[in-house]
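Novice: Attaching a single structure in structure tokens format; questions to follow.
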Amino acid sequence: MHAFKVSLQFIKSFKTAIEKSPKLQLDFVKSIGSYTQINRKNYGQITFQNSLDIKSVHTFQRRGLSTKPYEVDVLSKSQREAEKYPPKTNEQPVGKSSSTINAIPNPKSKQKLSETSKQRKVPSSRVARMVSFGTLAAGLGLGTAAEYAKRSLFSKNPGTDNSNVFFNEANMDRIVDTLCKVRGAALKIGQILSIQDESIVDPEITKAFERVRKSADFMPDWQLQEVMKTELGPNWRDNFDTFDSIPFAAASIGQVHYGKLKNGSEVAVKVQYPGVARGINSDIENLATILKVWNVFPKGMFLENLMAVTKRELAWEVDYNREADQTKKFRELLAPYEKYYVPNVFDNLSTEQVFTAELLHGLPLDECFEMDTFHREFIGERIMELFLLELFKFNRMQTDPNWANFLYDPDKNRLLLLDFGSSRSYSKEFIAQYVKLLNAARENNRRDVLSLSRELGFLTGYESKIMEEAHIDAFMTVGEIFRNEGRYNFEKQNVTARIKKLAETITNHRLCPPPEEIYSLHRKLFGLFWLFSKLKVSLPCSEMFATHYDQYLQEKD
Numbered sequence: 001m002h003a004f005k006v007s008l009q010f011i012k013s014f015k016t017a018i019e020k021s022p023k024l025q026l027d028f029v030k031s032i033g034s035y036t037q038i039n040r041k042n043y044g045q046i047t048f049q050n051s052l053d054i055k056s057v058h059t060f061q062r063r064g065l066s067t068k069p070y071e072v073d074v075l076s077k078s079q080r081e082a083e084k085y086p087p088k089t090n091e092q093p094v095g096k097s098s099s100t101i102n103a104i105p106n107p108k109s110k111q112k113l114s115e116t117s118k119q120r121k122v123p124s125s126r127v128a129r130m131v132s133f134g135t136l137a138a139g140l141g142l143g144t145a146a147e148y149a150k151r152s153l154f155s156k157n158p159g160t161d162n163s164n165v166f167f168n169e170a171n172m173d174r175i176v177d178t179l180c181k182v183r184g185a186a187l188k189i190g191q192i193l194s195i196q197d198e199s200i201v202d203p204e205i206t207k208a209f210e211r212v213r214k215s216a217d218f219m220p221d222w223q224l225q226e227v228m229k230t231e232l233g234p235n236w237r238d239n240f241d242t243f244d245s246i247p248f249a250a251a252s253i254g255q256v257h258y259g260k261l262k263n264g265s266e267v268a269v270k271v272q273y274p275g276v277a278r279g280i281n282s283d284i285e286n287l288a289t290i291l292k293v294w295n296v297f298p299k300g301m302f303l304e305n306l307m308a309v310t311k312r313e314l315a316w317e318v319d320y321n322r323e324a325d326q327t328k329k330f331r332e333l334l335a336p337y338e339k340y341y342v343p344n345v346f347d348n349l350s351t352e353q354v355f356t357a358e359l360l361h362g363l364p365l366d367e368c369f370e371m372d373t374f375h376r377e378f379i380g381e382r383i384m385e386l387f388l389l390e391l392f393k394f395n396r397m398q399t400d401p402n403w404a405n406f407l408y409d410p411d412k413n414r415l416l417l418l419d420f421g422s423s424r425s426y427s428k429e430f431i432a433q434y435v436k437l438l439n440a441a442r443e444n445n446r447r448d449v450l451s452l453s454r455e456l457g458f459l460t461g462y463e464s465k466i467m468e469e470a471h472i473d474a475f476m477t478v479g480e481i482f483r484n485e486g487r488y489n490f491e492k493q494n495v496t497a498r499i500k501k502l503a504e505t506i507t508n509h510r511l512c513p514p515p516e517e518i519y520s521l522h523r524k525l526f527g528l529f530w531l532f533s534k535l536k537v538s539l540p541c542s543e544m545f546a547t548h549y550d551q552y553l554q555e556k557d
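Note that the sequence shown covers residues 1 to 557 in UniProt numbering.
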């Protein structure tokens with residue numbers, strides 16, 4: 001850890017020095033230019049990825065560090081685009097979401113990882129993971145310095161480009177490569193940042209984390225064997241008639257394998273990457289430190305609070321015993337509702353790092369976007385109803401809005417619900433206050449929205465008028481969805497865009513972080529709004545809210 005901090009201190013000093021020294025900029029670029037031929041006349045037609053001189057590359061090789069981020073890369077724009085956006089194939093990419101799923105969408109064929117997926121060892125020791133982040137820190141520092149020098153010397157109008165020099169393509173590639181390698185907590189942060197508003201987090205870092213979120217690499221067979229033997233015993237395969245060594249889904253915390261038991265039951269076996277649980281705190285702290293050095297986040301994001309919440313939520317998600325309990329709890333809660341189905345858990349094949357559940361067959365939601373209106377609105381209404389049940393009745397919520405957590409069963413006309421690792425409960429006291437706040441927004445009562453926001457801890461009471469108004473406007477915008485009579489058209493809505501516009505003001509002017517429950521609750525709520533817009537549905541939100549709110553008040557009394 002000491003070496004990691006020293007590395008970061010060197011980067012800070014180097015960054016400051018190169019910003020203040022034209023000579024250092026020139027010397028730095030000379031070493032690049034001597035090995036990279038650039039036609040300045042046609043400079044606008046190529047993409048130039050800065051490299052170190054050959055001596056530096058050799059130095060890195062001697063120290064056992066990767067030289068890939070620093071190799072010369074001069075490509076035409078068409079070549080670059082071809083690499084970034086390969087031609088589409090008929091194969092359905094899978095395992096591309098941040099959520100590991102226990103389902104095969106097409107009942108007629110087993111789902112497989114895409115051809116771009118590859119075996120890649122997961123660094124399991126803290127030292128190995130720290131080295132990965134240290135290498136990333138060094139690479140980002142050198143890449144940023146090179147980008148600054150390039151802009152200063154090669155730009156026709158130096159000083160006119162005010163964008164952050166950190167956000168260059170080479171640095172984004174470094175982030176993606178490292179986080180795809182270490183997985184775990186780092187990918188969890190990527191998942192959160194990939195859905196952040198671009199007015200809060202730079203769009204380049206958002207795009208980079210989106211690439212990370214869609215990573216589908218999986219651990220090599222020998223590593224898989226080690227985990228399975230440790231968790232289920234040396235004869236673990238005796239439990240299965242069939243077990244596919246190649247997973248059909250892979251994500252941030254683990255990968256999912258198809259299996260068939262001796263009795264013929266098809267199961268999904270989720271296997272956790274080694275070292276992920278032990279590395280949660282250090283991974284998050286290392287990545288957060290790197291990103292803070294380059295001012296990736298605005299002050300109003302309260303990064304320390306976000307990281308604390310992320311640590312706690314990830315600690316829940318890596319505990320597969322907890323996920324098994326949450327799955328069984330939701331299976332019990334939703335048993336009276338025939339339009340939902342939660343898979344059965346196989347306790348004898350589940351441990352803290354292996355989770356085995358009934359394999360479900362259904363259509364992933366992105367294959368439902370072009371269905372007829374009846375089916376799309378059925379799906380939308382069931383998902384909205386589930387959210388309202390979780391909020392008003394269960395005091396418990398599966399907080400990940402990822403599309404991969406839902407499948408549609410057209411034969412039985414029901415939703416199949418997956419992955420309860422991010423489920424959590426909320427106190428009755430918090431729910432009571434939050435429901436009042438949401439209802440005040442629905443009733444267009446700005447005064448109550450303000451007072452209830454202070455009671456809940458959204459506001460301190462000392463905010464500027466502009467902050468108060470932006471906060472109230474944001475809640476009133478959400479309330480609009482449940483306020484308007486008739487069906488709310490999510491395809492034509494501009495609620496998300498309006499809230500995004502307000503988010504910049506709120507982030508820049510807030511005096512305190514929101515209540516810790518809000519991180520997960522609003523992640524779910526706004527994720528559903530986005531999903532409904534993709535489904536292109538109109539839903540009776542006002543009627544549904546009123547029904548559940550009235551029932552809540554009756555049961556409360």
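All residues carry an ideal CB built from backbone N, CA and C; glycine is no exception.
Let me confirm a value: Ser464 is counted as buried when at least 16 other C-beta atoms fall within 10 Å, else exposed. Which label applies?
Specialist: For this step, residue 464 is matched to residue 464 along the sequence shown. Exposed, by the Cβ-count rule.
Novice: Nearest CA to the CA of Met384: which residue from Asp411, Gln398 and Trp236?
Specialist: Locating residue 384 in the sequence shown gives position 384, where the first residue counts as 1. Of the listed residues, the one whose Cα sits closest to Met384 is Gln398.
Novice: If distances are taken between C-alpha atoms only, which option among Ala404, Arg414, Arg510 and Lys436 comes closest to His375?
Specialist: Counted from its first residue, the sequence shown places residue 375 at position 375. Its Cα nearest to that of His375, the residue Arg414 stands out among Ala404, Arg414, Arg510 and Lys436.
Novice: Taking only the alpha-carbon atoms, compute the straight-line gap between Leu359 and Gly259 and give it to the nearest angstrom.
Specialist: Locating residue 359 in the sequence shown gives position 359, counting from the first residue. Locating residue 259 in the sequence shown gives position 259, counting from the first residue. Computed Cα separation, rounded: 9 Å.
Novice: Under a three-way DSSP split, which group does Ala251 fall into?
Specialist: Indexing the sequence shown from 1 puts residue 251 at position 251. Here Ala251 sits in coil by DSSP.
Novice: Tell me the DSSP bridge mates of Gln272?
Specialist: Taking the first residue of the sequence shown as 1, we reach residue 272 at position 272. Note: Gln272 sits in a beta bridge opposite Gly254.
Novice: How about Thr373 and Val345: do their beta carbons lie closer than 9 Å?
Specialist: Position 373 of the sequence shown, counting from 1, holds the residue named residue 373. Position 345 of the sequence shown, counting from 1, holds the residue named residue 345. No. Outside cutoff.
Novice: Taking its Cβ as the centre, do 16 or more other Cβ atoms sit within 10 Å of Lys270, making it buried, or is it exposed?
Specialist: Position 270 of the sequence shown holds residue 270. Looking at its Cβ environment, which holds 16 or more other Cβ atoms inside 10 Å, Lys270 is buried.
Novice: State buried or exposed for Tyr462, treating a residue as buried only when at least 16 other CB atoms are found within 10 Å of its CB.
Specialist: Taking the sequence shown and counting its residues from 1, one reaches residue 462 at position 462. Exposed, because fewer than 16 other Cβ atoms sit within 10 Å of the Cβ of Tyr462.
Novice: For Leu553, name the three-state secondary structure that DSSP assigns.
Specialist: Position 553 of the sequence shown holds residue 553. Correct three-state label for Leu553: helix.
Novice: May I ask you to check if the CB of Asp325 is nearer than 8 Å to at least one heavy atom of the ligand NAP?
Specialist: As for the ligand NAP, it is missing from this structure, which has no ligand bound.
Novice: Kindly list the residues whose CB is nearer than 8 Å to the CB of Asn321, restricted to its own chain and excluding five residues on each side of it in sequence; keep chain order.
Specialist: Counting from 1 along the sequence shown, the entry for residue 321 is found at position 321. Contacts found: Ser350, Thr351 and Glu352.
Novice: So Glu469 packs on Leu459, CB below 8 Å; how close in whole Å?
Specialist: Position 469 of the sequence shown, counted from the start, is the residue given in the question as residue 469. Position 459 of the sequence shown, counted from the start, is the residue given in the question as residue 459. That pair is no contact at about 11 Å.
Novice: Please list the terminal residues of the continuous alpha helix (DSSP H) segment that includes Ala432.
Specialist: Sequence index remark: in the sequence shown, residue 432 carries index 432 (1-based). Segment Lys428 to Arg442, the alpha helix (DSSP H) holding Ala432.
Novice: Going by DSSP, what residue range makes up the alpha helix (DSSP H) through Val309?
Specialist: Mapped onto the sequence shown, residue 309 falls at position 309. Looking at the DSSP string, the run of the alpha helix (DSSP H) that includes Val309 is Leu303 to Glu317.
Novice: In whole angstroms, what is the alpha-carbon distance linking Phe248 and Asn263?
Specialist: Translated into the one-based positions of the sequence shown, residue 248 becomes position 248. Translated into the one-based positions of the sequence shown, residue 263 becomes position 263. So the two alpha carbons sit approximately 22 Å from each other.
Novice: Can you name the residues that DSSP bridges to Arg414?
Specialist: Taking the first residue of the sequence shown as position 1, residue 414 is located at position 414. DSSP lists Asp409 as partners of Arg414.
Novice: Since Asp217 and Ala250 are thought to touch, with beta carbons under 8 Å apart, how far apart are those beta carbons, to the nearest angstrom?
Specialist: Residue mapping note: residue 217 aligns to position 217 of the sequence shown, counting from 1. Residue mapping note: residue 250 aligns to position 250 of the sequence shown, counting from 1. That pair is a contact at about 6 Å.
Novice: Report back the beta-carbon spacing between Val276 and Ile246 to the nearest angstrom; my notes put them in contact at under 8 Å.
Specialist: Residue numbering aside, residue 276 sits at position 276 when the sequence shown is read from its first letter. Residue numbering aside, residue 246 sits at position 246 when the sequence shown is read from its first letter. Actually they do not touch by this definition, with Cβ atoms about 20 Å apart.
Novice: Reducing DSSP to helix, strand and coil, say where Arg487 ends up.
Specialist: Indexing the sequence shown from 1 puts residue 487 at position 487. Three-state DSSP puts Arg487 in coil, outside helix and strand.
Novice: So that I know if they touch, is there some Cβ in chain B lying closer than 9 Å to that of Gln554?
Specialist: You won't find chain B in this structure, because it holds only one protein chain.
Novice: Under the three-state reduction of DSSP, which class applies to Glu370: helix, strand or coil?
Specialist: Locating residue 370 in the sequence shown gives position 370, where the first residue counts as 1. Coil.
Novice: Between Ala406 and Leu365, is the Cβ-Cβ spacing less than 9 Å?
Specialist: Within the sequence shown, numbered from 1, the residue matching residue 406 stands at position 406. Within the sequence shown, numbered from 1, the residue matching residue 365 stands at position 365. Note that residue 406 is Phe in the sequence shown, not Ala. Closer than 9 Å, so yes.
Novice: Which runs of the beta strand (DSSP E) spanning at least 3 residues fall entirely within the region 458-517, listed in chain order?
Specialist: none
Novice: Glu491: which of Ile499, Leu539 and Asp244 sits nearest, CA to CA?
Specialist: As a first step, residue 491 is located in the sequence shown; it is residue number 491 there, counting from the start. The residue with the shortest Cα to Cα distance from Glu491 is Leu539.
Novice: Return yes when the Cβ of Ala404 is within less than 9 Å of the Cβ of Leu386, no when it is not.
Specialist: Your numbering for residue 386 matches position 386 in the sequence shown. Your numbering for residue 404 matches position 404 in the sequence shown. Contact flag unset, no.
Novice: Taking 9 Å as the threshold (C-beta atoms), are Ile506 and His471 in contact?
Specialist: On the sequence shown, residue 471 is found 471 positions in, with the first residue counted as 1. On the sequence shown, residue 506 is found 506 positions in, with the first residue counted as 1. Taking 9 Å as the Cβ cut-off, His471 and Ile506 qualify as a contacting pair.
Novice: Taking only the alpha-carbon atoms, compute the straight-line gap between Val318 and Gly421 and give it to the nearest angstrom.
Specialist: By one-based count along the sequence shown, residue 318 stands at place 318. By one-based count along the sequence shown, residue 421 stands at place 421. One C-alpha to the other measures close to 8 Å.
Novice: Is Leu416 closer than 9 Å to Gly362 when the C-beta atoms are compared?
Specialist: Here residue 362 is taken as the residue at index 362 of the sequence shown, counted from 1. Here residue 416 is taken as the residue at index 416 of the sequence shown, counted from 1. In contact: Gly362 and Leu416 (Cβ atoms closer than 9 Å).
Novice: Which partner residues does Lys260 have in the DSSP bridge list?
Specialist: Position 260 of the sequence shown holds residue 260. Its beta-bridge partners are Thr242 and Glu266.
Novice: Nearest-angstrom Cα distance between His548 and Lys534?
Specialist: The residue you call residue 548 lines up with position 548 of the sequence shown. The residue you call residue 534 lines up with position 534 of the sequence shown. So the two alpha carbons sit approximately 25 Å from each other.
Novice: By DSSP's criteria, Ala357 is part of a beta bridge. Which residues make up the other side?
Specialist: In the sequence shown, counting from the first residue as 1, residue 357 sits at position 357. Its beta-bridge partners are Ala268 and Val345.
Novice: How long is the line joining the alpha carbons of Lys524 and Gln433, rounded to whole angstroms?
Specialist: The residue given as residue 524 occupies position 524 in the sequence shown. The residue given as residue 433 occupies position 433 in the sequence shown. So the two alpha carbons sit approximately 18 Å from each other.
Novice: Any idea if Asp238 is buried or exposed, counting beta-carbon neighbours within 10 angstroms, 16 or more meaning buried?
Specialist: Within the sequence shown, residue 238 is the residue found at index 238, counting from 1. Its Cβ having fewer than 16 others within 10 Å, Asp238 is exposed.
Novice: Note down the Cα distance separating Val537 from Leu531, rounded to an integer number of angstroms.
Specialist: For the purposes of this step, residue 537 is taken as residue 537 along the sequence shown, with counting starting at 1. For the purposes of this step, residue 531 is taken as residue 531 along the sequence shown, with counting starting at 1. Distance between the alpha carbons of Val537 and Leu531: 10 Å.
Novice: With DSSP run on the structure shown, which of helix, strand or coil describes Ala218?
Specialist: Position 218 of the sequence shown, counted from the first residue, corresponds to residue 218. The identity of residue 218 in the sequence shown is Phe, whereas the question assumes Ala. Three-state result, Phe218: strand.
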